[in-house]
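Below you'll find the structure, written out as structure tokens, and then a few comments.
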Amino acid sequence: MRTELVSEPGDPARPNEDFASVGLSACGQGGSVVVLDGVTPPPGGAGCLHSVPWFTARLGGALTELTVSLPDVPPAEALSLAIARTAGAHAETCDLSHPRTPQATVAVARWSPESVEYLVLSDAVLLLAAPDGTVTPVLDDRLARLPRELLRSAEFVDGTLRNREGGFFTAAADPSVAARAVTGSVPRGRVSALAALSDGAARWAETFLAGDWTDLFALVRAEGTRALVDRVRELERADSTGRAFLGRAKTHDDATAVYVEL
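16 is the number of the first residue of the sequence shown in this note's numbering; add one for each residue after it.
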């Protein structure tokens, strides 16, 4: 089995808000990948004493443990349990009802000898490669489908769209959001390799249009996850003002990529 993981902050002066892990079962017959992309809070705060990296580390650690140690529990249920556990760790000190309470996008893949299960919530990306080279993206496109003009006001997004019907969902403090994730399962024989990306790494295809998902997967398979992040940084620096690709909230975003050959 080949595994690669790279996670790099967008700004070296700020903590990385992403989380990534590869967990392997003790029997050696299965494992899981977890990628979280923490949502940067507004300058005014989010009603929480804790940082986004604290939250993603807690949630990601719990989700990694649960997806590996409870192989019969579906990924959505594991996410629900992980959210509840994380919320319980700061419910007495923080306002978990605040729309910007620490939260994250999620991508999970779990494999066994029989199947590969997947879960995606918000704009994280999961790519599944078949033995014949076909790459299937698993996407939660609710955020991408929203008109761009609706996303220009943070107040409108937080009050109307964030974790609301007709908007989009992230893993925050409500365990029931796990049921909103895109989930499914495919036979193990139909997946030879997979990649999980935060949206900072997915910019190569989604923002800069340097290639499609198949091209991105080929890059990672041939040159590694480090090469993907390096290419993203090159493209960001070449368009540091954001003029060529409008809509980027940050010039450089945290970028995380995990690759696994099964």
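Ideal Cβ placement from N, Cα and C applies to all residues, glycine included.
When the Cα atoms are used, what is the spatial distance from Glu80 to Val88?
12 Å
Helix, strand or coil: how does DSSP classify Asp173 here?
helix
Quick one: what's got a C-beta closer than 6 Å to Arg17's C-beta in the same chain, skipping five residues either side?
Glu276.
What residue range does the alpha helix (DSSP H) around Glu221 cover?
Asp214 to Glu221
Could you spell out where the beta strand (DSSP E) holding Pro152 opens and where it closes?
Val150 to Leu154
Could you check whether the stretch 103–110 touches the stretch 171–183, counting it as contact only if at least three pairs of C-beta atoms, one from each stretch, sit closer than 8 Å?
Judged by Cβ distances under 8 Å, the stretch 103–110 makes no contact with the stretch 171–183, as fewer than three pairs qualify.
Can a CB atom of chain D be found closer than 7 Å to the CB of Ser36?
The structure shown has no chain D; it contains just one protein chain.
Indicate whether the contact test is met: 3 or more Cβ pairs, each with one atom in the stretch 228–241 and one in the stretch 165–172, closer than 8 Å.
no
Leaving out the 5 sequence neighbours to the left and right, which residues in its chain are closer than 7 Å to Ala210 when beta-carbon positions are compared?
Only Leu142, Phe232, Val235, Ala272, Val273 and Tyr274 meet the Cβ criterion.
Could you check whether the stretch 134–153 touches the stretch 116–123, counting it as contact only if at least three pairs of C-beta atoms, one from each stretch, sit closer than 8 Å?
yes
CB-CB length for Arg115 against Pro57, believed under 8 Å:
6 Å
Does DSSP put Ala233 in a helix, a strand or coil?
helix
DSSP three-state label for Asp245, please.
It is helical.
Whose CA, out of Leu161, Ala91, Arg73 and Gly60, lies closest to the CA of Ser36?
Arg73
Quick check on this structure: which residue in Asp155, Arg248 and Ser112 has the alpha carbon closest to the alpha carbon of Gly174?
In terms of Cα proximity to Gly174, the closest of Asp155, Arg248 and Ser112 is Ser112.
In this structure, how does DSSP classify Glu251 when only helix, strand and coil are distinguished?
helix
Bridge partners - Asp147, DSSP secondary structure assignment
Its beta-bridge partners do not exist; DSSP assigns none.
Does the contact criterion of 3 or more C-beta pairs under 8 Å hold for the stretch 193–210 versus the stretch 144–163?
Touching, yes.
Using the Cα positions of Gly75 and Ser255, report the straight-line distance between them to the nearest angstrom.
Here the alpha carbon of Gly75 sits roughly 31 Å from the alpha carbon of Ser255.
Going by other Cβ atoms of all chains shown within 10 Å of its Cβ, with 16 needed for buried, is Ser84 buried or exposed?
exposed
Pull up the DSSP beta-bridge partners for Glu276, would you.
Bridge pairing for Glu276: Arg17 and Ala208 [DSSP].
Please report the straight-line C-alpha distance between Ser66 and Ala139, rounded to a whole angstrom.
20 Å
Are Leu78 and Val50 closer than 7 Å when you measure CB to CB?
no
Give me whichever residues DSSP pairs with Ser36 in a beta bridge.
Val49
Based on DSSP bridge pairs, tell me the residues matched to Phe183.
Arg177
Going by DSSP, what residue range makes up the alpha helix (DSSP H) through Glu80?
Val67 to Ser84
Apply the 10 Å Cβ neighbour rule to Asp214 and answer buried if 16 or more other Cβ atoms are within range, or exposed otherwise.
buried
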